[in-house]
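Take a look at the structure below.
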Amino acid sequence: MTIVTRFAPSPTGLLHIGGVRTALFSWLYARRHGGRFILRVEDTDRERSTEAAVQVILDGMQWLGLTHDEGPYYQTRRFDRYAQVLQQLLAEGKAYHCYCSKEELEEMRNAQIARKEKPRYDGRCRERTAAVAGVQPVVRFKNPLDGEVIVEDLVHGPVVFQNAELDDLIIARSDGTPTYNFCVVVDDSDMQITHVIRGDDHLNNTPRQINMLRAIGFAPPVYAHVAMILGADGAKLSKRHGAVSVLHYREEGYLPEALLNYLVRLGWSHGDQEIFSLAELEQLFDIADVNKAASAFNPEKLLWVNQQHMMRASLPYLAGVLREQLQRLGIESDDRALLEGVVAGQRERSKTMKEMAQASRYFFVADVEIDDKTGRKHLLGDGAAMLVRLRTGLADLTHWTAPSIHDALTAIAAESGLGLGKVAQPLRVALTGTAVSPPIDVTAALIGRERCLVRLDRAQQWGAGK
RNA sequence: GCUCCCUUCGUCUAGAGGCCUAGGACAUGGCCCUCUCAAGGCCAGUACACGGGUUCGAAUCCCGUAGGGAGCGCCA
């Protein structure tokens, strides 16, 4: 049997990390078993669905590399099919028209709540044979009155529901449009979904869906309800901490494989391993190993995972990402050698690619601006004298490479009777304008002889002006 | 209120009766390395929600309690 999974977001809000994680689980599960992964957009709520939200889903999935094998399907384009199944259910007596007014239903609910009962439709229109004049009826599914439904859940194990707890839910509104639970059932059956992996807020809907699936003659799929992701403070995820569009993480300089790695570790693990490539996950991931409990989103760990991936990724790949991040800062560069050199020098001191770009301006611009406080500390007095020595010592270097620059600097330090720090810091400030950069020899090599000498001159001028 | 779900360090997790005086990771503190900042290495502190059972033995099994979450829409 071919495994078929699906990701079925509704384009009413943002595609955030919670949705991404269930998408990842579905995608991984299909990959792992050589199955198919379907993308289905549940846009039946025409009031709240937006084109922009659909685009974020599509762009986000593409950025993450969670490619679908089928779709995207849109529920709004399948209304004919839903109507067809609806007619079939009505004809077979498995669904019925309900003429109850909203006021009547409201009254019923209030009475039940007053009696401390679970509010539910009592089925009063079940046996009605005649239409009520002037009322456009809704259609309700005839749920079994007794017996039980067992949801075979891959993460929770079997979960038992009594049919008596369930009521006859509305599957078509009075305007004829189908509702969520009904569409899902028709789609899952038509698309021959074998494994439904979704948030556990749907666990309670599952027995109803199973009953409907059976009514239309489809063997229910296997379910896996995964817990939601909580905010860093343990409260429900909100815009404050992470409920932002997944594309936000791209802007912030996270690598997609790192985000995925972080997300998969929320509720899943493989021994003591923390860092996984996508290829490894395809081999190792199993939905049955996913935890039942909700987990909190930890931004610090995401940062760490991101850096781990940065330190493992290929230079050409990261150079491309750095180039994009620099563009966001208004810096253009097509110098692949420079970009790769900067990545190699900066990746162990940057948590994100955005941070790397921000800390690497001096490699790409013509001139640097010397931070006043830093300059005063390193470029005046002994520092000023060192600038002179550096200028003469570096000007005639035969080869402008990190090793030869390093040799020249240690020679200057030795003959001055100073530590390397007294030599490197003035140079660093002169070249970068700041007190922080990759190893000074590497930094100088990347900036190049011409710009280095110019910057040394400028630094001297800067000091003279103080 | 009713139904369902969940509960190991601050956080993510390992743990499927003895290997647990509970392991790893992030974060935190200290030390080492060191031209800055990092990265890396070493060390430290901190957890089985609570109460009963079952058992020679329980984080692991059972039952309660407490706490948290979800659902109960002509929303998805």
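Its first residue numbered -1, the first sequence is counted upward by one per residue in this note's numbering.
Each residue gets a CB set at the ideal place from its N, CA and C atoms; glycine is no exception.
In the DSSP assignment, H246 falls within the alpha helix (DSSP H) that extends over 244 to 249. Taking C-alpha positions only, D43 is separated from R345 by approximately 45 Å. Going by DSSP, Y94 is part of the beta strand (DSSP E) stretching over 93 to 96.
By the Cβ test, the region 365 to 373 is in contact with the region 439 to 459, since at least three Cβ pairs between them sit closer than 8 Å. In this structure, the CA atom of V319 is about 7 Å from the CA atom of M351.
E68 is bridged by DSSP to I36. Here A129 carries a coil assignment [DSSP, helix/strand/coil]. Per the DSSP secondary-structure output, A222 pairs in a beta bridge with I195. Counting along the chain, E150 sits inside no alpha helix (DSSP H); it lies in the beta strand (DSSP E) bounded by residues 146 to 151. Listed in chain order, the non-local C-beta contacts of I273 below 8 Å within the same chain comprise N259, V303, Q306, H307, R310, local neighbours out to five positions each way being set aside. In the structure shown, the three-state DSSP call for A294 is strand. Per DSSP, T3 is one residue of the beta strand (DSSP E) stretching across 2 to 5. Taking N141 as reference, the option from E150, N203, A462 with the minimal CA-CA separation is N203. Note on the region 342 to 404: whole alpha helix (DSSP H) runs with a minimum of 4 residues are 351 to 356, 359 to 362, 370 to 376, 380 to 393, in chain order. The continuous beta strand (DSSP E) containing R138 extends over residues 136 to 139. Going by DSSP, A28 is part of no beta strand (DSSP E) but of the alpha helix (DSSP H) stretching over 15 to 30.
V440 is positioned such that its CB atom lies closer than 8 Å to that of A400.
L228 is bridged by DSSP to K234, A294.
The closest CA to that of T127, considering only L62, K116, Y94, V153, is found on Y94.
For the pair E105 and V39, the Cα-to-Cα distance works out to about 35 Å.
Counting every other CB atom within 10 Å of its CB across the protein chains shown gives G373 a total of 16 or more, marking it as buried. In the DSSP annotation of this structure, Q271 is not part of any beta strand (DSSP E), being labelled neither H nor E.
DSSP, read as helix, strand or coil, puts P254 in helix. When secondary structure is reduced to three states using DSSP, P176 falls in the strand class. The C-alpha of S435 is placed about 17 Å away from the C-alpha of R447. Contact fails between the region 353 to 363 and the region 412 to 424, because fewer than three Cβ pairs, one in each stretch, are under 8 Å apart.
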